[in-house]
Ligand SMILES: CC(C)(COP(=O)(O)OP(=O)(O)OC[C@H]1O[C@@H](n2cnc3c(N)ncnc32)[C@H](O)[C@@H]1OP(=O)(O)O)[C@@H](O)C(=O)NCCC(=O)NCCS
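Residue numbers (this note's numbering): 8 to 160.
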């Protein structure tokens with residue numbers, strides 16, 4: 008289930024963001040995931056932004072993660088982050104597909120590290136297709152990482 012984000016969700020999102028495996032997987036992450044002030048400042052900014060839509064993902068009434076759309080290089084893009092305890096239960100797929108019924112702008116875009124198989128599969132199952140590739144510096148891996156660009160037409 009998706010609902011609007013409330014202030015009490017933020018400490019859980021922060022805990023999720025601390026996870027080293029998740030950071031390696033996502034690759035394009037905060038410079039210092041443990042910097043609580045930077046995290047809070049970022050969330051205050053995105054929650055107030057007219058161009059960002061964010062939902063909290065609930066699973067069995069518990070906060071499992073977040074899904075959002077935001078403008079990236081002038082294109083509306085999606086992203087999501089699920090707490091590790093909830094991985095592998097279809098939550099990201101179900102959350103993104105519900106989110107896409109609420110955010111109806113098309114085309115809508117996404118990016119994922121080429122080796123983020125789970126995220127690529129989530130996107131594929133929600134109808135995204137790979138349209139290109141790029142690379143960028145990964146804070147969590149400390150090196151350039153190749154990524155796929157995806158689009159839902
Ligand atoms: C990527 C992420 C969102 C996946 O969430 P999830 O709820 O576990 O995903 P789902 O359960 O919906 O699984 C989607 C698909 O990926 C597969 N999958 C899940 N984890 C996997 C893994 N570690 N390796 C390979 N495949 C995996 C699932 O089997 C499923 O495919 P299937 O239907 O063909 O079996 C989650 O691992 C996460 O939040 N990671 C850290 C943040 C991140 O990478 N965000 C995306 C940035 S682009």
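By construction, the Cβ of each residue, glycine as well, lies at the ideal position given by its N, Cα and C atoms.
Source: prediction; values computed, not measured.
Who are residue i's beta bridge partners in DSSP?
{"i": "residue 53", "result": "DSSP lists no partner for residue 53."}
{"i": "residue 62", "result": "11 and 74"}
{"i": "residue 141", "result": "154"}
{"i": "residue 82", "result": "79"}
{"i": "residue 113", "result": "Residue 113 is not bridged to any residue."}
{"i": "residue 89", "result": "72"}
{"i": "residue 41", "result": "None, per the DSSP bridge assignment."}
For the candidate residues the options, whose alpha-carbon lies nearest to that of residue i?
{"i": "residue 76", "options": "82, 89 and 59", "result": "59"}
{"i": "residue 144", "options": "160, 120, 133 and 130", "result": "120"}
{"i": "residue 55", "options": "14, 152, 44 and 28", "result": "14"}
{"i": "residue 122", "options": "30, 99, 42 and 24", "result": "30"}
{"i": "residue 124", "options": "96, 155, 43 and 109", "result": "155"}
With a Cβ-Cβ cutoff of 9 Å, do residue i and residue j count as a contact?
{"i": "residue 147", "j": "residue 87", "result": "no"}
{"i": "residue 117", "j": "residue 85", "result": "yes"}
{"i": "residue 25", "j": "residue 48", "result": "no"}
{"i": "residue 98", "j": "residue 66", "result": "yes"}
{"i": "residue 74", "j": "residue 61", "result": "yes"}
Give the C-beta separation of residue i and residue j to the nearest angstrom, bearing in mind that I take them to be a contact with Cβ-Cβ under 8 Å.
{"i": "residue 106", "j": "residue 9", "result": "6 Å"}
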